[in-house]
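*Asks:* Residues 343 to 581 (the numbering used here) make up the sequence shown, in order.
All residues carry an ideal CB built from backbone N, CA and C; glycine is no exception.
A quick note: this is a predicted structure, and the numbers were derived from the prediction, not measured.
My questions all concern the structure below.
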Amino acid sequence: MSANNPLTRYCPRCIFVGENPVRCPKCRTVSYCSTECLNEHLSVHRPMCRSFSPREVWGIKILVNWNDPPRTRFPTEYFQHELVCAGHGSNIHPIFSRGELCPLTQRIGIPLRLYSTSGMHESSTFGPNEIAVKLRVEPRSGFAPTRWGLIDHPGECIVIREDQKPLTKELLEAIYSFVVYLMDYPGIDPEHADRESWAPWEGLLNPSLWHFFTRKYYEAQYRMVCRKNFNKFSPLLCT
Numbered sequence: 343m344s345a346n347n348p349l350t351r352y353c354p355r356c357i358f359v360g361e362n363p364v365r366c367p368k369c370r371t372v373s374y375c376s377t378e379c380l381n382e383h384l385s386v387h388r389p390m391c392r393s394f395s396p397r398e399v400w401g402i403k404i405l406v407n408w409n410d411p412p413r414t415r416f417p418t419e420y421f422q423h424e425l426v427c428a429g430h431g432s433n434i435h436p437i438f439s440r441g442e443l444c445p446l447t448q449r450i451g452i453p454l455r456l457y458s459t460s461g462m463h464e465s466s467t468f469g470p471n472e473i474a475v476k477l478r479v480e481p482r483s484g485f486a487p488t489r490w491g492l493i494d495h496p497g498e499c500i501v502i503r504e505d506q507k508p509l510t511k512e513l514l515e516a517i518y519s520f521v522v523y524l525m526d527y528p529g530i531d532p533e534h535a536d537r538e539s540w541a542p543w544e545g546l547l548n549p550s551l552w553h554f555f556t557r558k559y560y561e562a563q564y565r566m567v568c569r570k571n572f573n574k575f576s577p578l579l580c581t
């Protein structure tokens with residue numbers, strides 16, 4: 343987040359407004375309401391602690407993964423911070439020309455752009471990627487396009503926010519978990535097709551339900567001993 347962005351007056355850890363903001367002494371890009379919040383948020387901020395540049399975007403590389411049988415690791419354990427070039431010329435990352443917008447994430451107010459690195463012909467990137475496929479589902483059908491099918495092995499994928507603001511591992515896990523939550527809704531999952539629904543599935547794809555779900559999700563994760571990075575969710579994280 344740029345140091346000149348007015349939203350920097352909101353502390354990224356507690357979301358409160360500080361009277362005397364404390365900037366990260368290294369990157370001078372992110373401001374906190376207090377030194378305590380700065381120190382508590384270091385594990386989230388440190389991997390992206392870098393002076394702001396309009397030519398760079400912090401995204402996430404999603405490593406190959408599969409969920410059958412169900413994973414025992416947290417989704418964030420398949421994420422790696424990825425700095426991509428957003429400038430001009432030959433160094434610009436292909437995600438900006440060949441990446442695809444994730445329409446479901448557009449509906450909830452935080453559009454993501456997804457790119458499969460398998461097209462770069464790196465053998466180490468091949469394999470299934472259930473998390474990326476879930477992010478790419480279409481709002482009307484609840485399924486990803488055929489080219490994103492798990493059988494085609496999209497391999498490692500890179501995802502960025504369309505607004506080019508830094509994407510954290512915690513926020514991406516919450517988005518993925520929200521999609522998984524919606525997949526259990528009648529009319530999408532054939533196993534629950536006989537259950538009575540209280541609203542059209544597409545009607546659930548809105549910022550209000552997303553904010554409600556994610557606030558509860560962050561609280562549930564924070565209660566775990568090993569997940570203190572999920573401190574507090576606010577809609578401000580999506581703007």
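Measure from the alpha carbon of Leu514 to the alpha carbon of each residue in Glu442, Tyr564, Cys580, Asn407, then state which is nearest.
*Replies:* Residue Cys580 is the option with its Cα nearest to Leu514.
*Asks:* Measuring only the C-alpha atoms, how far is Cys353 from Ala486?
*Replies:* Going by the C-alpha atoms only, they are around 36 Å apart.
*Asks:* In this structure, what does DSSP give as the bridge partners for Ser483?
*Replies:* DSSP lists no partner for Ser483.
*Asks:* Can you find the residues in the same chain that come closer than 7 Å, C-beta to C-beta, to Thr510, ignoring five residues on each side of it along the sequence?
*Replies:* So the qualifying residues of the chain are Val386.
*Asks:* What would DSSP say about Arg413, mapped onto helix, strand or coil?
*Replies:* Note: Arg413 maps to coil in three-state DSSP.
*Asks:* Do you know how far the Cα of Gly441 is from the Cα of His435?
*Replies:* So the alpha carbons of these two residues sit roughly 10 Å apart.
*Asks:* State yes or no: is the C-beta of Glu424 within less than 9 Å of the C-beta of Ile500?
*Replies:* For Glu424 and Ile500, yes; Cβs fall inside 9 Å.
*Asks:* Counting pairs of Cβ atoms below 8 Å between the stretch 473 to 492 and the stretch 368 to 386, do you hit three or more?
*Replies:* These segments do not touch.
*Asks:* Considering Cα atoms alone, identify which of Ala428, Glu480, Gly545 is closest to Ser395.
*Replies:* Here the closest residue by C-alpha is Ala428.
*Asks:* What whole-angstrom Cβ distance do Trp552 and Phe520 have, given they're in contact under 8 Å?
*Replies:* So it is a contact: roughly 6 Å between Cβ atoms.
*Asks:* For the beta strand (DSSP E) containing Ile402, list its first residue and its last residue.
*Replies:* 398 to 404 is the extent of the beta strand (DSSP E) around Ile402.
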